[in-house]
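Going down the list, the sequences are from chains P and E. Using our numbering, read the first sequence as starting at 1 and increasing by one per residue. Using our numbering, read the second sequence as starting at 325 and increasing by one per residue.
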Amino acid sequence: MTTWSAVASADWRLSTLRVLKVAALLALLVAVPPLADNPFITTVFISALMFGLLGAIYDLMLGYAGLINFGYAGFMAAGAYGSALAWFHYGVNPWFGLLIGGAITAVLGFLTGVISLRIKGLYLALMTFFVGEALRFSISNTPDYTRGMLGLTVAPFPDMLGISFSRSNLLAYYFTLLLLGAVIMMAMWTLVRSKIGVAFKALREDELATESLGLNATHYKLLNFTIASFLTGVIGGFYAHYLGILSPSPEEFGVPRTVEVLTITYVGGRGSLWGSLFAGFLLIGFQEYFRGLGPIRLLLFGILLIIVMLFARRGIAGLKKYVW
Amino acid sequence: MDLAMYTDPSVLTEILLQGLVRGSMYALMASGLSLIFGILGVNNFAHGELFMIGSYTMFFIVATLQLPFVAGLVAAALVLFLVGMLIERGLIEQLRKRAGRDWLLDSFVLTIGLMILLQNLALVVFGSNRLGIPEMVSGSLIIGSIIISYERLIILAVAALTVLLLWAFIRFTAPGKAIRATAQNPEAALALGIDTMRVHTYTFGLGAALAGLSGALLISIFPAYPTVGLQPIVKSVAVVILGGLGYVPGAIVAGLLLGVIEAFAYFTMSAGWQNVLTAALVVLIMIFRPYGLFSSAKGERP
């Protein structure tokens, strides 16, 4: 437990080599989709980046504060439906809808945090699980408002700065997500390296000791959960307008979806933030690329999760010292 | 809806009976989950997949080999007993050597991995077809205006018998005593010469066998397909929380209670809201009584 935080927060020296490596990876992210100019490659990049980001946000809760949200897909649904319904019923501009999705999910996260104050670990996982499920079933039970299992058709983003956001212009969506992701990652990176981030880690390691040092554990738990939920809601909103159709099926917003994000976080390495991005590209990239293989590709998720729990408890981040 | 219907005794009896049948399925499934949690501290999320293996076993014994239903039930329990012991030795015990104070969460996540693995393995091996058996027996018992199918009555009887046998096993046999001792105080049990590692293994086997038996017994309602376990696992986790994590008698009572509550909910609410009601109930219980409705014997703080 103590080691993976040490690895994550240890030495971040701005050596020239490190700057070059980061620049090279960023250049790959920026250059590959437009150069490949292949809609399939771009979709794979969008999925991988989106799930990598969700994994990183999940890691902000799990890896930095020891909070596990097993109803995560329900929180994604809140963001996605929040933005989509704001457009559908009230004609709210989808760009602004991202913030609405974020705000609604933040409120949900705050309220869930408030009712979960007394519990942690497995019990928090179970509590959030039933919150997520209640939300998903509520969406499917109100077809008059959400169209339920019939599926809600969502508009694409409106054109902005002369750039067309029709869904055939996948590159516009990719670069929007990349920009959004850069902002989110930098914000989380700053947060975990600030005093607040130190408090999160202290909370994860030993809640009682943290409180005895005069830090208000409840306050930091709520803060972490609310921020992570807000960011989840924003990505959820993007997901809605990118995908174009939402339905509250289990695959979309139920257990399988939560497990996908959770696996990315565990495989990426808890408490590493960036590891999730790598895991996102590795797992989702692999999954999308080998769609022809059918269910065998999903077997990989289960096997990897078991391997990480048993043998490689720091995930991809554990490889850092060999390759970084 | 007509208000008089709610006070009609025959309607109430029928709902109550339907609820008890539904509840007995929940109790059977959840007692295994609760037993495993109580002894090993593992909230086995792959329990639904053990249920799934049970329904496949039932299908092959009864539909493919044309053997009687009883053979299918016994085979499912035996197969899952072995599978369960294998899982405990191969995975859970391996994790126990490595995980520290985060055991509860880490073992939970490990079983999530197992869940995905088993689901997709089933998809690769059996495909996504639903393999069902129409019903074990046809016909219904009719008393006055109360109608209940023989099929459901058999389910109720087998579930009740199994729970009774489970209770007798834990209460009166030597291995049962070892299970109780391990649940009360693992270190003391070990010091008194009880092989707690073995207790872990056969307890997991026993819990898995109960899941397999549920899957086999309910095949006319839940046909065998790879993700059939999702619904039963959600219900049994709910029941286990309501009854108090790790407290088997609590799970049985809570299972019956939830069955009756849902039966009334199906009668009074529009379709689909029962799931929301169940989830809301669990959330409320976790807020106000985190140890469950019936205080856990272990009295462990969540």
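Heads up, the beta-carbon is just placed ideally off N, CA and C, and yes, glycines get one too.
Proximity to residue i [Cα-Cα], best of the options
i                         : options                                   : result
glutamate 459 of chain E  : E:Leu447, E:Leu465 and E:Arg476           : E:Arg476
tryptophan 95 of chain P  : P:Arg147, P:Gly236 and P:Arg314           : P:Gly236
glycine 414 of chain E    : E:Leu336, E:Tyr474 and E:Leu438           : E:Leu438
glycine 536 of chain E    : E:Arg420, E:Asp426, E:Glu373 and E:Leu442 : E:Glu373
threonine 128 of chain P  : P:Pro34, P:His219, P:Leu108 and P:Glu288  : P:Leu108
isoleucine 196 of chain P : P:Gly113, P:Gly181 and P:Leu215           : P:Leu215
aspartate 426 of chain E  : E:Gly365, E:Met610 and E:Gly517           : E:Gly365
proline 614 of chain E    : E:Gly567, E:Val345 and E:Leu465           : E:Gly567
serine 334 of chain E     : E:Leu516, E:Leu601, E:Gly468 and E:Arg522 : E:Gly468
leucine 340 of chain E    : E:Val607, E:Ile472, E:Thr520 and E:Ser452 : E:Ile472
histidine 524 of chain E  : E:Met349, E:Ala604, E:Leu359 and E:Thr331 : E:Leu359
isoleucine 377 of chain E : E:Leu488, E:Met349, E:Gln390 and E:Phe546 : E:Phe546
leucine 170 of chain P    : P:Lys120, P:Leu161 and P:Pro156           : P:Pro156
asparagine 599 of chain E : P:Gly132, P:Arg18, P:Leu98 and P:Leu122   : P:Gly132
glycine 79 of chain P     : P:Ala228, P:Ile296, P:Tyr289 and P:Met309 : P:Ala228
alanine 103 of chain P    : P:Leu122, P:Phe75 and P:Lys120            : P:Phe75
isoleucine 363 of chain E : E:Ala513, E:Ala484 and E:Gly579           : E:Ala513
alanine 484 of chain E    : E:Met521, E:Ala505, E:Leu344 and E:Ile457 : E:Leu344
threonine 43 of chain P   : P:Ala125, P:Met160, P:Thr263 and P:Glu288 : P:Glu288
alanine 540 of chain E    : E:Ala595, E:Ile478 and E:Arg522           : E:Ile478
proline 374 of chain P    : E:Val584, E:Ser594, E:Leu580 and E:Gln555 : Because chain P is modelled from 1 through 324, residue 374 of chain P falls outside the range shown and cannot be assessed.
histidine 371 of chain E  : E:Val607, E:Gln390 and E:Val564           : E:Val564
proline 506 of chain E    : E:Phe361, E:Ser348 and E:Thr331           : It should be noted that the sequence gives threonine, not proline, for residue 506 of chain E. Comparing Cα-Cα distances from threonine 506 of chain E to each of E:Phe361, E:Ser348 and E:Thr331, the minimum goes to E:Phe361.
leucine 222 of chain P    : P:Val114, P:Ala77, P:Pro39 and P:Ala125   : P:Val114
Expected contact under 8 Å - CB spacing of residue i and residue j to nearest Å
i                           : j                            : result
arginine 136 of chain P     : glycine 254 of chain P       : 6 Å
threonine 105 of chain P    : phenylalanine 225 of chain P : Not confirmed; about 11 Å, so no contact.
alanine 84 of chain P       : leucine 246 of chain P       : 6 Å
phenylalanine 70 of chain P : threonine 258 of chain P     : 6 Å
methionine 309 of chain P   : leucine 419 of chain E       : 6 Å
threonine 146 of chain P    : tyrosine 81 of chain P       : 6 Å
alanine 492 of chain E      : isoleucine 518 of chain E    : That pair is no contact at about 20 Å.
isoleucine 306 of chain P   : leucine 434 of chain E       : 6 Å
leucine 117 of chain P      : threonine 232 of chain P     : Not a contact, Cβ separation roughly 20 Å.
Beta-bridge pairing of residue i - partner residues as DSSP gives them
i                         : result
threonine 153 of chain P  : P:Ile245
isoleucine 377 of chain E : Answer is none; isoleucine 377 of chain E lacks a bridge partner.
leucine 455 of chain E    : E:Ala548
Where residue i sits in the DSSP three-state scheme
i                            : result
alanine 548 of chain E       : strand
serine 272 of chain P        : coil
methionine 325 of chain E    : Low per-residue confidence applies at methionine 325 of chain E: pLDDT is 49, beneath 50, and the placement is therefore not dependable enough to give any value.
methionine 460 of chain E    : coil
isoleucine 163 of chain P    : strand
serine 194 of chain P        : coil
serine 47 of chain P         : helix
serine 469 of chain E        : coil
valine 558 of chain E        : helix
glutamine 390 of chain E     : coil
valine 606 of chain E        : helix
serine 594 of chain E        : coil
leucine 569 of chain E       : coil
serine 355 of chain E        : helix
proline 614 of chain E       : coil
arginine 422 of chain E      : helix
leucine 542 of chain E       : coil
asparagine 38 of chain P     : coil
phenylalanine 230 of chain P : helix
glycine 254 of chain P       : coil
asparagine 444 of chain E    : helix
phenylalanine 311 of chain P : coil
phenylalanine 75 of chain P  : helix
isoleucine 119 of chain P    : coil
alanine 6 of chain P         : Confidence in alanine 6 of chain P is poor, its pLDDT being 45 and thus under 50, which makes the residue's placement unreliable; the coordinate value appears in the next sentence. Helix, per DSSP.
Contact between the stretch 234-244 of chain P and the stretch 277-286 of chain P (3+ Cβ pairs under 8 Å): no
Given 8 Å, three or more beta-carbon pairs between the stretch 384-399 of chain E and the stretch 555-569 of chain E: no
At least three beta-carbon pairs within less than 8 Å, the stretch 353-364 of chain E to the stretch 565-584 of chain E: yes
Cβ contact check for the stretch 169-180 of chain P and the stretch 199-218 of chain P: 3 or more pairs under 8 Å: no
Segment contact flag, the stretch 80-99 of chain P with the stretch 531-547 of chain E, C-beta cutoff 8 Å, min 3 pairs: Too few Cβ pairs lie closer than 8 Å, so no.
Inter-stretch contact (C-beta, 8 Å, three-pair minimum) for the stretch 39-50 of chain P and the stretch 251-266 of chain P: no
Sufficient close CB pairs (3 or more, under 8 Å) joining the stretch 300-316 of chain P to the stretch 429-448 of chain E: yes
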